[in-house]
Amino acid sequence: MPIQVTCPSCQTTLKTADSSAGKRAKCPKCDGVLDIPFPVAEIVEDDEYELEVVAPAASNELGDAEPASEADRRPCPACGEMIARKAIKCRFCNEIFDRSLRGIASGPADIHDPDWLKVRSGVAAIYYSYISIVVAIVLGLVIGGVVTAVAGRDGDAANIAGGIGGLLFVLVFVGAAIGIIVGQVRCTNAPQDSGARGLANGAAICMVLNIVLSMAGRGAQLPALNLLGSLLSAVGWILFILFIRQSASYLGNDDLARSAVRFLIFGVVCFFSAIGAVAVVVAQIEILSIVLGVTLLVMAIMAFIWLLRLLKGLMTTIDQCMSGY
Numbered sequence: 001m002p003i004q005v006t007c008p009s010c011q012t013t014l015k016t017a018d019s020s021a022g023k024r025a026k027c028p029k030c031d032g033v034l035d036i037p038f039p040v041a042e043i044v045e046d047d048e049y050e051l052e053v054v055a056p057a058a059s060n061e062l063g064d065a066e067p068a069s070e071a072d073r074r075p076c077p078a079c080g081e082m083i084a085r086k087a088i089k090c091r092f093c094n095e096i097f098d099r100s101l102r103g104i105a106s107g108p109a110d111i112h113d114p115d116w117l118k119v120r121s122g123v124a125a126i127y128y129s130y131i132s133i134v135v136a137i138v139l140g141l142v143i144g145g146v147v148t149a150v151a152g153r154d155g156d157a158a159n160i161a162g163g164i165g166g167l168l169f170v171l172v173f174v175g176a177a178i179g180i181i182v183g184q185v186r187c188t189n190a191p192q193d194s195g196a197r198g199l200a201n202g203a204a205i206c207m208v209l210n211i212v213l214s215m216a217g218r219g220a221q222l223p224a225l226n227l228l229g230s231l232l233s234a235v236g237w238i239l240f241i242l243f244i245r246q247s248a249s250y251l252g253n254d255d256l257a258r259s260a261v262r263f264l265i266f267g268v269v270c271f272f273s274a275i276g277a278v279a280v281v282v283a284q285i286e287i288l289s290i291v292l293g294v295t296l297l298v299m300a301i302m303a304f305i306w307l308l309r310l311l312k313g314l315m316t317t318i319d320q321c322m323s324g325y
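According to UniProt numbering, the residues represented by the sequence shown are 1 to 325, in order.
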């Protein structure tokens, strides 16, 4: 599609090919120098121009820009034609060299890629794993209260009921942990052009390293390994939230993408609040410790609900894209 540009000196409207973006040329009417803008992204395709006047008169011919020297040119690695050294797209074969811009330069995003269904299943696995943990905790508290009330002073019955409840919770927790692991691995199937696959890969790698280091730390009784695993886990979750943001942005849900960014900011606030709470506990300020403890609990609940909404939002976005809405 031709690029339209207006001469800043005489206000003549001109048009040129996409390959002229980012260069300078002379106005055929006033000989003024004008910059050719980029239509979508900063893609340098070549340095040759064929500009024609749209208005006022067709007899005005726009002079060509000065050609680049041979040192500023290089052969296209795909077709061998000579192109600008800084070009990220060949004007002869349309090969795009910068992988991060392929989704932009090649046109509208392919939001109907079937790989998004794999991502959707992974996000769903994570979402329902967290839901199952919440349900297990609530049911455990309810059942525990009922059993305690029925058993009365029968300590043996209460202990047996507590043991069964604890076993069920462990089974649910282990199943949920497996679901989260499988879900994050499934998210690595995000299309390459979306820019989200690398973030999903990083999140999955950090998760696996956290598990390995935590097990090694407990086995070797080295707290440093456990600490390193925890740090990697935090990095992994940051990458996963960025994965949600990038996926939502690629699929056109800007509201969800902005919500993911706000969630990260909220997480940073929670982190520093937790550090402050630890300092208060160490200082043995009882009243302030209680206030900060309640505040952190509320913030943790808010963060958990927010995370569930992000996961559900990405699932809904993928469903809408794949159904053609």
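All C-beta atoms in this analysis are idealised placements derived from N, C-alpha and C, irrespective of residue type, glycine included. The model shown is predicted, which means the values in this text are computed figures rather than measured ones.
- Taking 8 Å as the upper bound for CB-CB distance, Phe243 and Ala203 are in contact here, some 6 Å apart.
- For Val185, the closest of Ala149, Ile3, Lys118, Ile238 by C-alpha to C-alpha distance is Lys118.
- Rounded to whole angstroms, the Cβ separation of Met299 and Cys270 is 5 Å, and the two are in contact under 8 Å.
- Annotation: Leu227 to Asp115 spans about 35 Å, alpha carbon to alpha carbon.
- Taking a C-beta distance under 7 Å as the contact criterion, Asp113 and Pro28 do not qualify as a contact pair.
- Ile36 carries a coil assignment under DSSP once its states are collapsed to helix, strand and coil.
- At least 7 Å separates the beta-carbon of Ile36 from that of Lys26.
- Annotation note: the stretch 70-94 contains the following uninterrupted beta strand (DSSP E) runs of length 3 or greater, listed N- to C-terminal: 73-75, 82-84.
- Residue environment: Met302 is assigned as exposed (fewer than 16 neighbouring CB atoms within 10 Å of its CB, all protein chains considered).
- Here the alpha carbons of Asp254 and Ser121 stand approximately 22 Å from one another.
- Here Val5 is bridged, per DSSP, to Leu14.
- By the neighbour-count criterion, in which 16 or more other beta carbons inside 10 Å mark a residue as buried, Val5 falls on the buried side.
- Non-local C-beta neighbours of Gly236 in its own chain, meaning closer than 6 Å and more than five positions away in sequence, comprise Ala203, Cys206, Met207, ordered along the chain.
- DSSP places Ile205 in the uninterrupted alpha helix (DSSP H) bounded by 197-220.
- The stretch 122-142 makes contact with the stretch 169-182, as at least three CB pairs between them are under 8 Å.
- A direct Cα-Cα distance of roughly 33 Å separates Leu34 from Tyr250.
- The alpha carbon of Leu310 has as its nearest neighbour, out of Ile126, Ala17, Ser19, the alpha carbon of Ile126.
- Boundaries of the alpha helix (DSSP H) around Gln246: 223-250.
- Remark: C-beta atoms of Ile241 and Leu256 do not approach each other more closely than 7 Å.
- By the neighbour-count definition (other C-beta atoms within 10 Å, threshold 16), Leu231 is an exposed residue.
- One thing to note: Ile180 has its Cβ no nearer than 7 Å to the Cβ of Ser247.
- Beyond the five residues adjoining it in sequence on each side, Ser289 comes within less than 8 Å, by CB distance, of Ala277, Val280, Val281 in the same chain, given in chain order.
- Taking C-beta atoms as the reference points, Leu225 and Gly217 count as a pair closer than 7 Å.
- Within 10 angstroms of the beta-carbon of Gly195 lie 16 or more other beta-carbons, which makes it buried.
- The shortest CA-to-CA distance from Ile164 to any of Ala177, Ala176, Leu141, Gly183 is the one to Leu141.
- Separation of the CB atoms of Arg245 and Ala234 is rounded to 17 Å, and the pair is thereby denied contact status at 8 Å.
- Taken atom to atom, the span from the alpha-carbon of Cys76 to that of Ser19 is near 15 Å.
- The alpha-carbon separation between Phe272 and Gly175 amounts to approximately 31 Å.
- For Gln320, the enclosing alpha helix (DSSP H) has its first and last residue at 286-322.
- For Ala190, the secondary structure class from DSSP, reduced to helix, strand or coil, is coil.
- With a 10 Å radius around the Cβ and a threshold of 16 neighbouring Cβ atoms, Ile275 comes out exposed.
- In this structure, DSSP gives Lys118 a helical state, which the three-state scheme calls helix.
- Membership of Cys270 in the alpha helix (DSSP H) is indicated by the continuous run 254-282.
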